[in-house]
Amino acid sequence: MARDHSHLPARLAATANRWHDRGDCWEELLHRMQQARIVCIGEASHGTHEFYRIRADLTRRLITDHGFTAVAVEADWPDAYRVNRFVQALGKIGAPHDASANDALRGFERFPAWMWRNVPVREFIDWLRRHNERLAPNEVRAGFYGMDLYSLYRSINAVIHYLDKVDPGAAKRARARYACFEQFQADPQHYGYATGIGLADPCEGEVISQLLELQRQAGDYARRDGSIPADEYFFAEQNARLVKNAEEYYRSMYRGRHSSWNLRDTHMVDTVDALLQHLLDRDGQAKLVLWAHNSHLGDARATQMGRRGELNLGQLVRQRYPRETFHLGFTTNDGTVLAASDWDMPSEVKRVRPGMEGSYERLFHEVSHKIGGDFVLHLRDGDAPRAALLEAGEMLERAIGVIYLPETERQSHYFYADIANQFDAVIHVDRTRALDALDPPEARVNREAPETYPSAV
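Going by our numbering, 1115 is the number at position 211 of the sequence shown; the sequence numbering is gapless.
Take a look at the structure:
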């Protein structure tokens, strides 16, 4: 029998904090966040202006006022590291500095480029560069890093490029090992398919050997040439680690969705581990803000995905860093969103359908109507909204990725979740608008559809 939720809107309205970008509810949320070592800030879609803007505004405060030293995002490592060089004025071995945030974001060429080449991200990157430039020489500069693993071939090139500068002999060995991938025409899905059905031998041994050699030589490279910054070794090592994990990921795509999803999110949390250790070694302090979709940063154990065997980044950081994390999710009822109709298709401004009956989106829309605006719900032990939502039980929750299919919305974009255990707080923006991209709608760039199709989160 379905539960009666008719009392919930009034009960939540009595305890919801009306959301303003400034004010007591803003300060209360920041107070809760700043006590964590890792703050996870999600989004209910990859193409919504308000989610990006609020996330950036909160991150600015965490960096300026609360000692956070890096942002790690759901993006490819080499592309994000180009931005990191810009915001920290690190330059790049053998290449000039990017002159602007817009230039630094040009590394994001793979579909969907608008996820990072958009107005709120450009404004945040501009701000981060100015913030770092104002710091004294002995103060810690904030960085910008990627957590994803879709950059197999670009990461191979980055490892070889680094070794060409510090150890030409090692670069030659790396080329020989990575030549294992040459027959697949720079198409990692082709590699996964061919090895999955036995048409080609996997490159697993080669990529592991390359990572281990690079790690064994770390101390020697640090002593050999002080003109190569330590951050550049970290960048190269992480690329070699990414190649190892991406090789396994693309082979796993043909074993089933759960295996590849789990490998991807495990790579993300391993990247978080590596970043924390690197920043501690370099700066003596490390507090991270993570940006990714709700589906990655909410705890999978509190969702339908967890019941079908999937884990995620939010769950893993809670398990690895107990009582040191804070997880913020977003929801919306309706408005517009920037999304595509299929993988690698041009982006469009699409109308978001109102939340379905029985969903958190519909429930929060009713709360918004009662209190006259957007709001935040605090969901930790002792918070009244948490108690109310736990009594209500699971409800539907919407996830829009880079693809939005309103005609099949229930099947493509809704899943059951227990939002009170999924997040520590949720901001509901009742009506949202589409993200402003920096570029015209994208033409086809590749056919590398992820295992997250059709929602593509």
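Cβ coordinates follow ideal geometry from the N, Cα and C atoms, glycine included. Being a predicted model, the structure only gives us computed values, none of them experimental.
Asked, Found
"My parser needs the alpha helix (DSSP H) runs of 4 or more residues fully inside the stretch 1168-1251; what are they?", "1198-1201, 1208-1211 and 1217-1224"
"Hey, residue 1201 and residue 1176: beta-carbon distance below 8 Å or not?", "no"
"Can you give me the C-alpha to C-alpha distance between residue 1302 and residue 1318, rounded to a whole angstrom?", "4 Å"
"When the Cα of residue 1196 is compared with those of 1209, 1218 and 1181, which residue comes out closest?", "1218"
"Can you tell me the Cα-Cα spacing of residue 924 and residue 1274, whole angstroms?", "16 Å"
"Return the CA-CA distance between residue 1238 and residue 1192, expressed in angstroms with no decimal places.", "31 Å"
"For residue 931, count neighbouring Cβ atoms within 10 angstroms of its own Cβ and tell me buried if that reaches 16, exposed if not.", "exposed"
"Please report the Cβ distance between residue 1278 and residue 1334, rounded to the nearest whole angstrom; I am assuming they are in contact, meaning their Cβ atoms lie under 8 Å.", "6 Å"
"As a quick exercise: from 1010, 1321, 969 and 938, pick the residue whose alpha carbon is nearest that of residue 1209.", "1321"
"Can residue 1257 and residue 1344 be called in contact, C-beta distance under 8 Å?", "no"
"When the Cα atoms are used, what is the spatial distance from residue 1266 to residue 1180?", "39 Å"
"Does the pairing of the stretch 1024-1033 with the stretch 1080-1093 give three or more beta-carbon distances under 8 Å?", "no"
"Going by alpha carbons, who is nearest to residue 1119 out of 927, 1232, 1074 and 1085?", "1074"
"Just tell me which of 1155, 967 and 948 has its CA closest to the CA of residue 1103.", "1155"
"Buried or exposed: where does residue 1076 fall if 16 or more other Cβ atoms within 10 Å of its Cβ makes it buried?", "exposed"
"With three or more beta-carbon pairs closer than 8 Å as the criterion, would you say the stretch 1010-1020 touches the stretch 958-972?", "no"
"Express the C-alpha separation of residue 1188 and residue 910 in angstroms, rounding to a whole number.", "52 Å"
"Would you decide whether residue 1331 is buried or exposed? Buried here means 16 or more other CB atoms lie within 10 Å of its CB.", "buried"
"Taking buried to mean at least 16 other C-beta atoms within 10 Å of its own C-beta, is residue 1072 buried or exposed?", "exposed"
"Could you check which residue in 1115, 1127 and 1272 has the C-alpha nearest to that of residue 1235?", "1272"
"Since residue 1053 and residue 1146 are thought to touch, with beta carbons under 8 Å apart, how far apart are those beta carbons, to the nearest angstrom?", "5 Å"
"Measuring only the C-alpha atoms, how far is residue 1045 from residue 1153?", "33 Å"
"Can you list, in chain order, the stretches of the beta strand (DSSP E) that have 3 or more residues and sit fully within the stretch 1279-1340?", "1279-1282, 1299-1302, 1318-1321 and 1329-1332"
"Could you tell me if residue 1183 is buried or exposed, where buried requires 16 or more neighbouring beta carbons within 10 angstroms of its beta carbon?", "buried"
"For residue 1362, which of 972, 1067, 1084 and 1027 has the nearest alpha-carbon?", "There is simply no residue 1362 to check, as the chain begins at 905 and stops at 1361 in what is shown."
"How big is the Cα-Cα spacing for residue 1198 and residue 1214?", "14 Å"
"In terms of alpha-carbon separation, which member of 1007, 980 and 1308 lies closest to residue 991?", "1007"
"Thinking C-alpha only, which one of 1135, 1248, 1240 and 1337 is nearest residue 989?", "1135"
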